[in-house]
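A.B. asks: Chains as they are written, first to last, in our numbering: chain A, 211 to 637; chain B, 211 to 637.
1. Compare the C-beta of residue 248 of chain B against all C-beta atoms of chain A and say whether one is closer than 8 Å.
2. With residue 506 of chain A as the anchor, note down where its alpha helix (DSSP H) starts and where it stops.
3. Mind checking the stretch 266-277 of chain A against chain B and listing, in chain order, the residues whose C-beta falls within less than 8 Å of any C-beta there?
4. Determine the burial state of residue 441 of chain B: buried for a count of at least 16 other Cβ atoms within 10 Å of its Cβ, exposed for fewer.
5. Is residue 339 of chain B closer than 8 Å to residue 385 of chain B when the C-beta atoms are compared?
6. Start and end of the alpha helix (DSSP H) containing residue 488 of chain B?
7. Could you check what DSSP says for residue 548 of chain A in three-state terms: helix, strand or coil?
8. Mind checking whether residue 315 of chain A and residue 476 of chain A have CB atoms under 8 Å apart?
9. Determine the DSSP secondary structure at residue 288 of chain A, reduced to helix, strand or coil.
10. For residue 268 of chain A, which of A:553, A:501, A:583 and A:332 has the nearest alpha-carbon?
11. Consult DSSP for residue 377 of chain B and reduce its assignment to one of helix, strand or coil.
12. Just list the beta strand (DSSP E) runs in the stretch 319-378 of chain A, keeping only unbroken ones of 3 residues or longer that don't cross its boundaries, in chain order.
13. Grab me the residues of residue 627 of chain B's own chain with a C-beta within less than 7 Å of its C-beta, minus the 5 sequence neighbours each way, in chain order.
14. Near residue 448 of chain A, what residues of its chain come up, given a Cβ to Cβ distance below 6 Å and the 5 sequence neighbours on each side ignored?
15. With residue 424 of chain A as the anchor, note down where its beta strand (DSSP E) starts and where it stops.
16. Just the C-alpha distance for residue 508 of chain A and residue 260 of chain A, rounded to the nearest angstrom, thanks.
17. What does residue 286 of chain A reach in chain B if we use C-beta pairs closer than 7 Å?
18. Does any CB atom of chain A fall closer than 8 Å to the CB of residue 348 of chain B?
19. For the stretch 556-564 of chain A and the stretch 598-611 of chain A, state whether three or more C-beta atom pairs, one from each stretch, are separated by less than 8 Å.
20. How would you call residue 499 of chain B, buried or exposed, if buried means at least 16 neighbouring beta carbons within 10 angstroms?
21. Beta-carbon of residue 262 of chain B versus every beta-carbon of chain A: anything under 8 Å?
22. Can you list, in chain order, the residues of its chain whose CB lies under 7 Å from that of residue 409 of chain A, leaving out five sequence neighbours each side?
23. Would residue 551 of chain B and residue 534 of chain B be called neighbours here (beta carbons separated by less than 8 Å)?
24. Suppose the cutoff is 6 Å on Cβ atoms and the five residues either side in sequence are ignored; what does the same chain contact list for residue 322 of chain B look like?
25. For a cutoff of 8 Å on Cβ pairs, would you count residue 640 of chain B as touching chain A?
26. Assign residue 528 of chain A to buried or exposed, taking buried as 16 or more other Cβ atoms, counted over all protein chains shown, within 10 Å of its Cβ.
27. Check whether chain A comes within 8 Å of residue 353 of chain B, counting only Cβ atoms and requiring the distance to be less than that.
28. For a test of the three-state rule: what should DSSP assign to residue 591 of chain B, helix, strand or coil?
29. Strictly below 8 Å CB to CB, what residues from chain A border residue 469 of chain B?
30. Quick check: the stretch 581-598 of chain A against the stretch 509-521 of chain A, are there 3 or more CB pairs under 8 Å?
31. Relative to the C-alpha of residue 355 of chain A, which candidate in A:467, A:303, A:337 and A:590 has its C-alpha closest?
32. Contact between the stretch 299-318 of chain A and the stretch 489-497 of chain A: three or more CB pairs below 8 Å?
33. List, from N- to C-terminal side, the alpha helix (DSSP H) runs of 4 residues or more that fit wholly inside the stretch 212-240 of chain A.
34. Can you find a CB in chain A that lies within less than 8 Å of the CB of residue 500 of chain B?
35. Are the CB atoms of residue 396 of chain A and residue 585 of chain A within a distance shorter than 8 Å?
36. Could you list which residues in chain A have their beta carbon closer than 8 Å to that of residue 427 of chain B, in chain order?
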């Protein structure tokens, strides 16, 4: 991009004026994380009051109120089975957080190894590594960092991770024990992995025989477009290619019903679920099965879930459209930024002029808009090109969102013009 | 004990006949664990249907339905504060299992150390040790075993652990990093620690500066007698003696409301709760706050909890009385067994003729009564004298319980007489 010197001065001055104007508005907007709005949560209010007083037994006669039932209620496993395409007896349904299930799998492999591991992951001489698709989900990367697992970045392409690179790494480096994937409407790029990518992940040779795919299917039924993307079944593919233990599949109802009071699942091979259950017995008296009953009786069937998710979509779509509308109006002509137009999920990935992402966040924060953590979508929080930012438009109402987007746009422009003008003055 | 030869033969023959009679009844009774009965759970049926639809906000305005709030809702922390005597801002309220909180504390100390640790517990040269009061709670010991923590047994006396031994061990052995305590109506002996014991635990010098008391106050409001035992406040004592970080205090509502759907807490110093919260952020999006609201609105106040627990007591007491009544009638005169008469909690500790506990369990199982795991109250599951068994009378109805107790008594007698007769024949 090349802007003439005079134009640049004018643009810079305009941006300064605009920024000053917003700075004086005493804004206080926090939209840093992908949180459903109160209006979305209201869609599930009936769940709060599902009457259970006379009917607390599971289909198989289990008293949902008492201890036990580590694997989760039959009907909860069946409902997830329809969502993730794994038989119900190979599904574990836990508490309110799929993140907790992921952590437990990682911690368990760390201390004991997986069913296929020659030793505990913590005992591997030279340490272990994970492939991290970038930009990706900060909480995945934070776990790796915490365990001291080396992170190897692989770029996200239009149809999923760069599989040529993934294949090359995984076949040659036996320290690579896993890959983090958000395979549908990925966080933050909203990429859905193509059938070819899923098949390659399931079939590719791996130097580590205990290689695991952490398949965080967080947005399994969360389209923003009318026709939901279809995602190839990783488990079926893994079985077909003789790697049935490879995928660990996670999902939850947190972004269907109540974010803080949903239920989460882990699905995979019989070996993997038995492995998880064995360790779970040590630390728990079983999940909250009453809430499982409540969730299942509210969500009922895949069809009902689809109806509910359509209502979510109607609430989310205008916000995502507003992101594009404001960015396009404010930034479309300068070429100093580009952004994704998500087909689903909770995020827009915004790419600003390299070298300015941190500055953009700083400027916005000074103007009262907290919207992103620079580098958060990269391992160790380091965005080397300082260019990527994650936008989470779900929580604020549309007016507040619009204001925030205007501010962000001004900051993107101001940071870019300041940067270009500094470069120009050096030249 | 000495029984004349002829008497022994007659007793042995009577026991054989009785045992045969019960064996033919095709019984199938499982009373192996301390599980509340359906009638007890029914006391909290109103909790299942606490209406929240129009009132899901916490006192401080937190939307209980959404993400976040890792420390738990204010009102839930306050309610626990009244039970465990620690300020509400030094309490964390989590999900449905205090066991999970204990595990997390142990796992966290293992990986990072405590706020006072020179290094992670896993990195201590020579490994670490815990004091285990015996007989004690199998799940505590199982965790130690799993982490490879050495267990040092200390006998339970009438007023708590043998503190002379505890003091001597803790001051001299810096590998001892913790002690497991169920300080009130202890599992399985129903011992409540005396004021002197609690004060000594709080004040004694420890070679390890990061020594921790895992204070599992599982039966904090669970008396079987009319006047609840009073337990000295370990936290206050620890503060007074300059060891505020020493106790980690656990409790839950699982045996007040719904066993599988209660809420649990961790209380302690600010350092300890901050330490726990820091690691929790990595693995969780926060606890189920909706259930916290439900629990608090149902339990309401310490007075209401007391009323509820009195109703539990009325259901439990006849069962515990039945244990004594049957054992006394069946075993009282022979001197081959003794048993506790609990003032609270969920268990009776039965001591049979040394060398026969395993045989008793085996005989009972063959007659269709599963009631204990020999050795389960000892580290590594090893009861060297083969004499102690745990009775959990809460779950079966009184008729089933009575039958089970008759069977157990017959098995205790039969095993004893068989044993004595074998010994006599050797002599």
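Ideal Cβ placement from N, Cα and C applies to all residues, glycine included.
C.D. replies: By the coordinates alone:
1. For the purposes of this step, residue 248 of chain B is identified with residue 38 of the second chain, where counting begins at 1. With 8 Å as the cut-off, residue 248 of chain B counts as an interface residue toward chain A.
2. Reading the first chain from its first residue, position 296 is the one you call residue 506 of chain A. Segment 499-509, the alpha helix (DSSP H) holding residue 506 of chain A.
3. For the stretch 266-277 of chain A, which is checked against every Cβ of chain B, the residues closer than 8 Å are 266, 273, 274, 275, 276 and 277.
4. Locating residue 441 of chain B in the second chain gives position 231, where the first residue counts as 1. Residue 441 of chain B is buried by the Cβ-count criterion.
5. Here residue 385 of chain B refers to the residue found at position 175 when the second chain is read from its first residue. Here residue 339 of chain B refers to the residue found at position 129 when the second chain is read from its first residue. Against a cut-off of 8 Å, the Cβ pair of residue 339 of chain B and residue 385 of chain B comes out as a contact.
6. Residue mapping note: residue 488 of chain B aligns to position 278 of the second chain, counting from 1. Counting along the chain, residue 488 of chain B sits inside the alpha helix (DSSP H) bounded by residues 480-493.
7. Sequence index remark: in the first chain, residue 548 of chain A carries index 338 (1-based). For residue 548 of chain A, the three-state secondary structure derived from DSSP is strand.
8. Along the first chain, one-based indexing puts residue 315 of chain A at 105. Along the first chain, one-based indexing puts residue 476 of chain A at 266. With respect to the 8 Å criterion, residue 315 of chain A and residue 476 of chain A are classified as neighbours on the basis of their beta carbons.
9. Residue mapping note: residue 288 of chain A aligns to position 78 of the first chain, counting from 1. Note: residue 288 of chain A maps to helix in three-state DSSP.
10. As a first step, residue 268 of chain A must be located in the first chain, where it is residue number 58. The candidate whose alpha carbon is nearest that of residue 268 of chain A is A:501.
11. For this step, residue 377 of chain B is matched to residue 167 along the second chain. Taken through DSSP and simplified to helix, strand or coil, residue 377 of chain B comes out as helix.
12. Counting whole runs of 3 or more residues, the stretch 319-378 of chain A contains the beta strand (DSSP E) stretches 339-344 and 360-367.
13. Taking the first residue of the second chain as 1, we reach residue 627 of chain B at position 417. Annotation for residue 627 of chain B: 218, 221, 222 and 225 place their beta carbon closer than 7 Å to its own, counting only its chain and skipping 5 residues before and after.
14. Indexing the first chain from 1 puts residue 448 of chain A at position 238. If we look at residue 448 of chain A and ignore the five residues flanking it on each side, its Cβ neighbours are 412, 454, 456 and 457.
15. Indexing the first chain from 1 puts residue 424 of chain A at position 214. Note, residue 424 of chain A: beta strand (DSSP E), 422-426.
16. The residue you call residue 508 of chain A lines up with position 298 of the first chain. The residue you call residue 260 of chain A lines up with position 50 of the first chain. The straight-line gap from Cα to Cα measures roughly 7 Å.
17. One-based indexing of the first chain puts residue 286 of chain A at position 76. By Cβ distance, chain B contributes nothing, its closest Cβ being about 13 Å from residue 286 of chain A, past 7 Å.
18. Taking the first residue of the second chain as 1, we reach residue 348 of chain B at position 138. Output row for residue 348 of chain B: interface = no.
19. At 8 Å Cβ cutoff, the stretches touch.
20. Looking up residue 499 of chain B in the second chain gives position 289. The C-beta of residue 499 of chain B has 16 or more other C-beta atoms within 10 Å across all chains shown, which makes the residue buried.
21. Position 52 of the second chain, counting from 1, holds the residue named residue 262 of chain B. So, interface residue.
22. Stepping through the first chain from its first residue, residue 409 of chain A is reached at position 199. The beta carbon of residue 409 of chain A sits closer than 7 Å to the beta carbons of 442 and 447 from its chain, once the five residues preceding and following it are set aside; these are given in chain order.
23. Your numbering for residue 551 of chain B matches position 341 in the second chain. Your numbering for residue 534 of chain B matches position 324 in the second chain. The answer is yes: Cβ separation under 8 Å.
24. If you number the second chain from 1, residue 322 of chain B lands on position 112. Around residue 322 of chain B: 330.
25. Absent from the model: residue 640 of chain B. The displayed extent of chain B is 211 to 637, so no value can be given.
26. Looking up residue 528 of chain A in the first chain gives position 318. Result: exposed.
27. Working through the second chain from its first residue, we reach residue 353 of chain B at position 143. Closer than 8 Å to some Cβ of chain A, the Cβ of residue 353 of chain B qualifies, so yes.
28. Within the second chain, numbered from 1, the residue matching residue 591 of chain B stands at position 381. Three-state result, residue 591 of chain B: helix.
29. In the second chain, counting from the first residue as 1, residue 469 of chain B sits at position 259. Within chain A, the residues 275, 276, 277 and 495 have their CB atoms less than 8 Å from the CB of residue 469 of chain B, given in chain order.
30. Contact between the stretch 581-598 of chain A and the stretch 509-521 of chain A is absent, because fewer than three Cβ pairs lie under 8 Å.
31. Translated into positions along the first chain, residue 355 of chain A becomes position 145. Ranking A:467, A:303, A:337 and A:590 by Cα distance to residue 355 of chain A puts A:590 first.
32. The stretch 299-318 of chain A, when compared against the stretch 489-497 of chain A, does touch it at the 8 Å Cβ threshold.
33. For the stretch 212-240 of chain A, whole alpha helix (DSSP H) runs of length 4 or above, ordered along the chain, are 215-233.
34. Position 290 of the second chain, counting from 1, holds the residue named residue 500 of chain B. For residue 500 of chain B, the nearest beta carbon of chain A is closer than 8 Å to its own beta carbon.
35. The residue given as residue 585 of chain A occupies position 375 in the first chain. The residue given as residue 396 of chain A occupies position 186 in the first chain. Result no, Cβ atoms of residue 585 of chain A and residue 396 of chain A do not sit closer than 8 Å.
36. Locating residue 427 of chain B in the second chain gives position 217, counting from the first residue. Simply none; closest approach about 16 Å.
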